[in-house]
Each structure stands twice: as structure tokens, then as C-alpha cells.
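If you're matching them up, the sequences are chains A and B in order. Here the first sequence is numbered in this note's numbering, starting from 1 and rising by one per residue. Here the second sequence is numbered in this note's numbering, starting from 1 and rising by one per residue. Here is the structure we will look at, set down as C-alpha cells.
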Amino acid sequence: MSTTTTASPNEAKLWGGGKSPFNSEYGKVMMWYFLMSDAFTFGAFLISYGTVRFSTNGWPNSNEVFRSFPFAPAGVHAPLVFVSIMTFILIISSVTMVLAVHAGKNMDKQGVVRNMILTIIGGLAFLSCQAWEWNHLFHEGAWWGSNPFLNADGTASSTNFTNFFFTITGFHGFHVFSGVVINIIMLIMTLMDKFEQRGHYLMIEKAGLYWHFVDLVWVFVFTIFYLL
Amino acid sequence: MSHSHLDHEAHNAEAIAEIKKVTIILSVFTVIELILGFWMISMTSVGLKLAIKGTIVILMMAKAFYIVAYFMHLKHEVKNLIMTIIVPLLLFVWFIGAFLWDGNSFRNLRNDYDTYFKEQATIKVEKKEEDHEAVKHEATDAKHEDAEAKHETTDAKHDAKPAVEPYY
């Protein structure tokens, strides 16, 4: 906040040439525009889900579909429990990512390494949860083109429900996977002192933007599929 | 020298305090969402359900704001940069409104003119175990015609556990 307020007297200077008018590094600005385009992709997916749901008479009740968790005794159903664990895993890994970016700004290599490792663990934990859930649903007979669930009112349900679920959570899961790969590369580069040599940790910031975006998308996917 | 060092320290503490604050806000909002979700499970009133869903959407937008503004640091960027990102995203306002309206209108048209579509929404499907299993096997077979080994294992699993509850 303080930087923007102090920047306003210099605003004319910002556009006077010789420096970035956005007061930001090129790669970071481009990462923002990439994420904006990705937001439109996810938005298109979620809005088409909404459109199809609005154009259908019945829809499965998410509390009856997503009610299992690992090692649950037979017959015990707990809607929302497993997905809330997944949500918190992603929020916490987002926090450790912020701490890694913060440590990078202070040129604190140890802090970056520690928090990047925690972020990677969080990402892998989330992916494991998602793999378990997909596997569980598959064994219940749910897959692309196959929907074993009934609508909430007991009428037959179309395969739209499972098609959208697997496509959108799959696309998000693929983003989480790419994020983990990017974070691992960032960790290796940090350990190799690449950023110490460059004199800045801006790459961690860019990886951080991507990782937060993955968390941001999950906020929407989680709410739309499991709560609404 | 020592002055700038102190400045740096103060700025550091401020940033950490902000991260803590946003973490707590995100967690609290998520917990509220989950409480509302649990509350909704046993609810029958359609109006109240709709109101809760609206509240959940508002909480979702608030969480998105905190992630973008503080974790992604957009609030601390130059105003022009913020505008080049936020203004195009305003298209979503039209995007969501228009498409949900269209979906709703399509449902109404089909209920008016497509009798089969309307009828399907009134026929309750048998929830009996046998029927359900049969339907599922059909679906699985159709899906994995070429993957023999795969649905053999699926069959074996279901045969071994005939006491699986109906999915509904």
C-alpha cells in the first residue's frame, strides 16, 4: 500500500520512459497475463457446468456422491469431510509459498528452501487426496460417460455430472501437478545458488503467482462442486 | 545505515503480520462455508437453501479477493497494472449472467415442448440393489469393451462384496 501511495507523485516519471511503467519485472507481468487467460479457461469450464446444470431438471446431491474418506469403516458416511481436508492442505501450502516468496525478498536462502519443500509436500498431499478420490469414484462406477448416481429426487441422472466433475477437477489437478513440477525446479535452482548469483529471487515470486492461482481456482471448484 | 535497517525490520514484521491475518481470514471463511454446507445437508426449505448458497458464493468471492490481493500481492502493484488485469475479468459478469440465463431458458423450453424430457424428470428410478448393479455393469462394459482384464477385476470386486449399499 505504502509503495503505491508514495509512487503517485512519481507517476509522471513512470511513463517518462527509461523504466517499467508498471514498476514490475517483465516476466511477472507476463505471468499475470497468462494467469488471466487461464482464469478465462477455468471460467469457461465452470460456466458451461452451470449452464448445463441450469438446463437440466434434476441433479445429483453432492453430499450423497462425495461422502467417503480413506480408512472409513463400512457404512460410515461423512459428506464434506475429505474435501475440507483437501481445501485446507491447499490453503496451507499457499501460505508456505507466500513465506517462501517473502524469504526470497530478504535473500534468505534457508527460508526459501524450507518453505519450498513444505509447499511441494502440500502439493503432493493434495494430489494424493485427489488420486484417492478419483480411484474411489471410479470403483463406484463413475467415470467419463458413466454415472452410477441418481438425481437428488430419485430420477435418473445424465452423464453430464461425472463428465464435468472429472474434466474440471482433472484440469485443476493437472495444474497442481505442473505447479509441483515448477516448484521442484525452483527448489533445485535455489539449492544450486542460481538466485544468489542473479542477486534476486524473482523466479520464486513468479512460481508463487502460479501456485496461488491454483489455490484460487480450487476455491471456486470446491465451492461449486461440493457446496452448491 | 541503522535507520534503514530498522525500517527494513519494521517492514518485515508488517509483511509477516499481513500473511498471518490473511491466513486466519481464509481459514475462518472456509470453516464458515463448511458449517453452512453441513447445515444445508438436512435442510428442506428451498428458500433458505438458496439464501445459504448465496452466502457461500459471497464468501467464495471474498476468499478469492484475499488470495489475489494479498497472497498474489496485486493490491501492492501499480494501479495501471491492476486495471489491465481486473478490467478484462469484468467480462465474467456478462459471461455468467448470460449463460446461466440461457441454460435456464433452455430447460423451460424443453419442459414445454419436449414431453420425453419432462417425463424423465418425474420417473423415479428403482433403487434396488440388483437393478442398480446391473445398470452399473452395463455401463462399465460399454465403457471398457476392449479392456477385458479391467472389468473382470471390477466384476470380481462386486461379486466378492454383494452387500454394497445402494449408491443413492
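Note that the Cβ used here is the ideal one computed from N, Cα and C, for glycine as well.
Near residue i, which residues of its chain fall below 7 Å by C-beta distance, leaving aside the five closest residues on each side in sequence?
| i | result |
| --- | --- |
| A/ALA152 | GLY58, TRP59, PRO60, ASN61 |
| A/HIS136 | SER68 |
| B/VAL68 | LEU74 |
| A/VAL176 | GLY123, PHE126, LEU127, VAL214 |
Cα separation between residue i and residue j?
| i | j | result |
| --- | --- | --- |
| B/HIS5 | B/ASN12 | 11 Å |
| B/ILE32 | A/ILE91 | 15 Å |
| A/PHE220 | B/MET60 | 7 Å |
| A/PHE149 | B/VAL125 | 11 Å |
| A/SER20 | B/TRP94 | 33 Å |
| B/GLU148 | B/ALA17 | Low local confidence applies: a pLDDT of 45 at B/GLU148 is under 50, so the model's placement there is unreliable, with the coordinate-based value given in what follows. When rounded, the distance between both Cα atoms is 58 Å. |
| B/PRO88 | A/THR155 | 41 Å |
| A/ASP193 | A/LYS105 | 15 Å |
| A/LYS13 | B/GLU77 | 16 Å |
| A/ASN63 | A/SER24 | 45 Å |
| A/LEU227 | B/PHE29 | 13 Å |
| B/ILE96 | A/ILE47 | 6 Å |
| B/ALA139 | A/ILE204 | Confidence at B/ALA139 is low in this model, with a pLDDT of 47, below 50, so the placement of that residue is unreliable and no value is reported for it. |
| A/GLN130 | A/ASN160 | 20 Å |
| B/ASN108 | A/PHE34 | 38 Å |
| B/SER105 | A/TRP144 | 27 Å |
| A/MET1 | A/VAL65 | Confidence at A/MET1 is low in this model, with a pLDDT of 45, below 50, so the placement of that residue should be treated as unreliable; the coordinate-derived value is given next. Whole-angstrom Cα-Cα distance: 45 Å. |
| A/MET97 | B/LYS118 | 50 Å |
| A/GLY75 | A/LEU191 | 48 Å |
| B/GLY54 | A/HIS200 | 44 Å |
| A/GLY50 | A/TRP15 | 43 Å |
| B/LYS21 | B/ALA62 | 14 Å |
Compare the Cα-Cα distances from residue i to each of the options and report the closest residue.
| i | options | result |
| --- | --- | --- |
| A/MET36 | A/VAL65, A/LEU216, A/TYR226 | A/LEU216 |
| A/PHE195 | A/ASP108, A/PHE54, A/TYR33, A/PHE171 | A/ASP108 |
| B/ASN111 | A/LEU118, A/PHE54, A/ALA74, A/ILE188 | A/PHE54 |
| B/ILE41 | A/ASN163, A/PRO79, A/MET86, A/ASP38 | A/PRO79 |
| A/ALA72 | A/PHE88, A/ASN63, A/PHE82 | A/PHE82 |
| A/TRP134 | A/MET116, A/VAL113, A/PHE165 | A/PHE165 |
| A/PHE42 | A/TRP32, A/PHE138, A/THR167 | A/THR167 |
Leaving out five residues on either side along the sequence, give the residues of the same chain with a beta carbon under 6 Å from the beta carbon of residue i.
| i | result |
| --- | --- |
| A/HIS77 | ARG67 |
| B/ILE25 | TYR66 |
| A/SER157 | PRO60, ASN147, PHE149, LEU150, ASN151 |
| A/PHE171 | none |
| A/PHE45 | ILE168 |
Less than 8 Å between C-beta atoms, sequence neighbours within five positions excluded: which residues of the same chain meet that for residue i?
| i | result |
| --- | --- |
| B/MET43 | LYS49, ILE52 |
Assuming residue i and residue j make a contact with CB atoms under 8 Å, what is their CB distance in whole Å?
| i | j | result |
| --- | --- | --- |
| A/VAL180 | A/GLY141 | Not really, about 30 Å apart at Cβ, beyond 8 Å. |
| B/THR23 | A/VAL52 | Going by Cβ atoms, the distance from B/THR23 to A/VAL52 rounds to 35 Å, so no, they are not a contact pair. |
| B/LEU81 | A/VAL29 | 7 Å |
| A/HIS212 | B/ALA15 | Going by Cβ atoms, the distance from A/HIS212 to B/ALA15 rounds to 15 Å, so no, they are not a contact pair. |
| A/GLY27 | A/LEU202 | 7 Å |
| A/ASN183 | A/ILE120 | 5 Å |
| B/ILE56 | B/LEU36 | 6 Å |
Do residue i and the ligand ADP come close, with the Cβ less than 6 Å from some heavy atom?
| i | result |
| --- | --- |
| A/SER128 | Because no ligand of any kind appears in the structure shown, any question about the ligand ADP cannot be addressed here. |
Practice problem: Could you please tell me which residues of the segment 33 to 45 of chain B, in chain order, have their CB closer than 9 Å to any CB of chain A? | Solution: GLU33, LEU34, LEU36, GLY37, PHE38, MET40, ILE41
Quiz prompt | Against chain A: residues of the segment 96 to 107 of chain B by CB proximity under 7 Å | solution = ILE96, PHE99, LEU100, ASP102, GLY103, ASN104, PHE106, ARG107
Quiz item: For the segment 213 to 225 of chain A, which residues have a CB atom closer than 9 Å to at least one CB atom of chain B, in sequence order?
Solution: PHE213, ASP215, LEU216, VAL219, PHE220, PHE222, THR223, ILE224
Quiz item: Along the segment 85 to 107 of chain A, what residues have a CB closer than 9 Å to any CB found in chain B?
Solution: THR87, PHE88, ILE91, ILE92, SER94, VAL95, MET97, VAL98, LEU99, VAL101, HIS102, LYS105, ASN106
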